[in-house]
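The block underneath contains the structure these notes are about, expressed in structure tokens.
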Amino acid sequence: MTKPKFQLECLEGRLTPTVSFFLVPPEVPSGAYSIGSYDSEQPDATQPTVAILGLADGETPVALTESADGTSSFLLAASVSGFEATLYTIDPSSAHAAVIGSSASVSLVLADGSAVAFPAHQNYYGAGLDESGQLLLIDVVNESFVTRFRIDPTTGLAIDGDSEIDGTQPDHVIVPVICELPPAEPVDQPEVVVDPVDPPSPQPVDQNYNYIPVQIWFDTIINGIDSSETLVSYTTNGESAYALAVNGDANTATLYQISTLDDVSTATAVGNIGSIALSFADGNSVEFSIYSGQYITEVDADGNLIVCEHNAGLLTTFRVDLTTGLAIDADVEADGTQPDSSLTVVQDFTPPPEWCT
4 MTKPKFQLEC LEGRLTPTVS FFLVPPEVPS GAYSIGSYDS EQPDATQPTV
54 AILGLADGET PVALTESADG TSSFLLAASV SGFEATLYTI DPSSAHAAVI
104 GSSASVSLVL ADGSAVAFPA HQNYYGAGLD ESGQLLLIDV VNESFVTRFR
154 IDPTTGLAID GDSEIDGTQP DHVIVPVICE LPPAEPVDQP EVVVDPVDPP
204 SPQPVDQNYN YIPVQIWFDT IINGIDSSET LVSYTTNGES AYALAVNGDA
254 NTATLYQIST LDDVSTATAV GNIGSIALSF ADGNSVEFSI YSGQYITEVD
304 ADGNLIVCEH NAGLLTTFRV DLTTGLAIDA DVEADGTQPD SSLTVVQDFT
354 PPPEWCT
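Be aware that the sequence shown starts at 4, since it is given in the working numbering, and climbs by one per residue.
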């Protein structure tokens, strides 16, 4: 089977490079990670992979990104302890890594004092640049939440997101919301007879490495969602409740406010149906897939809805104004409504977190 290609791209404000680099997992568990390359001008050409050298014993590469001008590449490796990471500079052609600062110098704690985990084989990692283009922006998706933080590429240290709390704090932690829905009424299935002489051809297997269907459950039926849309997320903010529904064919979404009376929930669109639409700096639309996307939502301190969508190898984050139902443009100088960030996600071959399945 063809190996997944985790392209080295910074999608914030610049075009995809002609040659992109990606991490190649080892053939066997004890093997070394390698760096592969892909030339968009020669898509059919076979490019050699180069084994990564210079990592500390027990470390596992988890994310790869580059500077805004494309002259420097950075590799994040999770330590054997599972609670620290190391930032390296790396030459993609030779795959030789050199530590920035000291080994295992990236570590964070949450507000309750517990350490942020960096398990190498259970997480998804997104890597890119922050809005300044000077700091690395890292998203860690583990079994119960998404942790976002920044790293200074000159020191190899994480930036403290809250100096008033002890320890180095991440910038943001997003916790998914999952509700339970009673099982549907059973439906009688017709008997299927297979001809043993000429059996039907097997259905093709989707080899898309990040295929995870959207699944969301509620303890009540929600009425009022437009028939063209599919409900993908539900969020509470105090006594208010909001839902996000997407139209995968049109790549649009709608914010709904949820009201409940006598155990009957009704959705009312905030603004117009399909009013949420975004595009990248290169003009391509942000896709709202209902088949291969994951959606996590939370209301931030400013009263805006943060939407974190993992789809087709990208972790895209944007904000929605709860009063207008419109997405907030993160870059007014670029055409269209721009997301806050879009990071390439590095994923291994282990099963996804339980809440994503």
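Yeah, the Cβ is synthetic: ideal placement off N, Cα and C, and Gly gets one too. Predicted model only: the values in this text are computed from it and were never measured.
Nearest residue (CA-CA) to residue i, options the options
{"i": "Ser108", "options": "Tyr259, Ile38, Val302 and Ala59", "result": "Ala59"}
{"i": "Ala304", "options": "Gln297, Val323, Leu318 and Ser288", "result": "Val323"}
{"i": "Ser106", "options": "Asn307, Val143, Gly57 and Ser70", "result": "Gly57"}
{"i": "Phe291", "options": "Leu247, Ala270 and Leu308", "result": "Leu247"}
{"i": "Ile225", "options": "Ser243, Ile154 and Thr269", "result": "Thr269"}
{"i": "Phe321", "options": "Thr300, Gly251 and Val102", "result": "Thr300"}
{"i": "Asp115", "options": "Val235, Ser43 and Val176", "result": "Val176"}
{"i": "Thr157", "options": "Phe77, Asp343, Glu242 and Thr63", "result": "Phe77"}
{"i": "Gly316", "options": "Pro95, Val289 and Gly227", "result": "Val289"}
{"i": "Pro51", "options": "Ser117, Ser96, Gly328 and Ile293", "result": "Ser96"}
{"i": "Val65", "options": "Arg153, Ser82, Val22 and Phe152", "result": "Ser82"}
{"i": "Val143", "options": "Thr326, Gly136 and Tyr127", "result": "Tyr127"}
{"i": "Phe25", "options": "Ser40, Ala333, Leu264 and Asn307", "result": "Ser40"}
{"i": "Val267", "options": "Gly227, Leu234, Val119 and Leu258", "result": "Gly227"}
{"i": "Val27", "options": "Ala333, Leu234 and Leu67", "result": "Leu67"}
{"i": "Leu113", "options": "Ala100, Ser166 and Gly104", "result": "Ser166"}
{"i": "Ala35", "options": "Glu44, Asp42, Ser43 and Thr63", "result": "Thr63"}
{"i": "Thr271", "options": "Asp229, Ala337 and Gly73", "result": "Asp229"}
{"i": "Ile103", "options": "His124, Asp155 and Ala333", "result": "Asp155"}
{"i": "Cys311", "options": "Asp338, Asn275 and Phe148", "result": "Phe148"}
{"i": "Val309", "options": "Asn275, Pro342 and Gly241", "result": "According to the sequence as given, residue 309 is Ile; it is not Val. With distances taken between Cα atoms, Ile309 lies closest to Pro342."}
{"i": "Gly241", "options": "Ser23, Val302, Asn275 and Asp265", "result": "Val302"}
Nearest-angstrom Cβ-Cβ length linking residue i and residue j, presumed shorter than 8 Å
{"i": "Ala161", "j": "Thr171", "result": "5 Å"}
{"i": "Ser345", "j": "Phe283", "result": "7 Å"}
{"i": "Thr92", "j": "Ser75", "result": "6 Å"}
{"i": "Gly85", "j": "Pro122", "result": "5 Å"}
{"i": "Ser236", "j": "Tyr298", "result": "4 Å"}
{"i": "Asn307", "j": "Leu325", "result": "7 Å"}
{"i": "Ala120", "j": "Asn145", "result": "6 Å"}
{"i": "Tyr245", "j": "Leu258", "result": "6 Å"}
C-beta atoms of residue i and residue j nearer than 8 Å
{"i": "Val249", "j": "Gln260", "result": "no"}
{"i": "Ala98", "j": "Val53", "result": "yes"}
{"i": "Gly286", "j": "Ala253", "result": "no"}
{"i": "Gly363", "j": "Pro173", "result": "Because the chain is modelled from 4 through 360, residue 363 falls outside the range shown and cannot be assessed."}
{"i": "Gly131", "j": "Leu140", "result": "yes"}
{"i": "Leu281", "j": "Thr239", "result": "no"}
{"i": "Pro279", "j": "Ala330", "result": "Here residue 279 is Ile; the residue named in the question, Pro, does not match the sequence. Yes, the pair counts as a contact, with Cβ atoms nearer than the cut-off."}
{"i": "Ser129", "j": "Ala71", "result": "It should be pointed out that residue 129 corresponds to Gly in this sequence rather than to Ser. Result no, Cβ atoms of Gly129 and Ala71 do not sit closer than 8 Å."}
{"i": "Ser33", "j": "Ile55", "result": "no"}
{"i": "Arg153", "j": "Asp169", "result": "no"}
Environment of residue i [buried if 16+ CB atoms lie within 10 Å]
{"i": "Gly61", "result": "exposed"}
{"i": "Glu69", "result": "buried"}
{"i": "His313", "result": "buried"}
{"i": "Ala256", "result": "buried"}
{"i": "Ala80", "result": "buried"}
{"i": "Trp220", "result": "Bear in mind that a pLDDT of 45 at Trp220, under 50, signals an unreliable position, so the model cannot answer this."}
{"i": "Pro46", "result": "exposed"}
{"i": "Thr49", "result": "exposed"}
{"i": "Glu87", "result": "buried"}
{"i": "Thr327", "result": "exposed"}
{"i": "Val335", "result": "exposed"}
{"i": "Ser43", "result": "exposed"}
{"i": "Ser204", "result": "The predicted model places Ser204 with a pLDDT of 45, which falls under 50 and marks its position as unreliable, so this point remains unresolved."}
{"i": "Gln192", "result": "Interpretation of Gln192 is limited by its pLDDT of 49, a score under 50 that renders its predicted location unreliable; the figure taken from the coordinates is listed afterwards. By the 10 Å Cβ count, Gln192 comes out exposed."}
{"i": "Gly251", "result": "buried"}
{"i": "Ala100", "result": "buried"}
{"i": "Ser262", "result": "exposed"}
{"i": "Leu111", "result": "buried"}
{"i": "Val208", "result": "With a pLDDT of 38 at Val208, under the threshold of 50, the modelled position of this residue cannot be trusted, and the question is left open."}
Residue i: CB within 7 Å of a non-hydrogen atom of the ligand HEM
{"i": "Pro95", "result": "Ligands displayed in this structure: none; no statement on the ligand HEM is therefore possible."}
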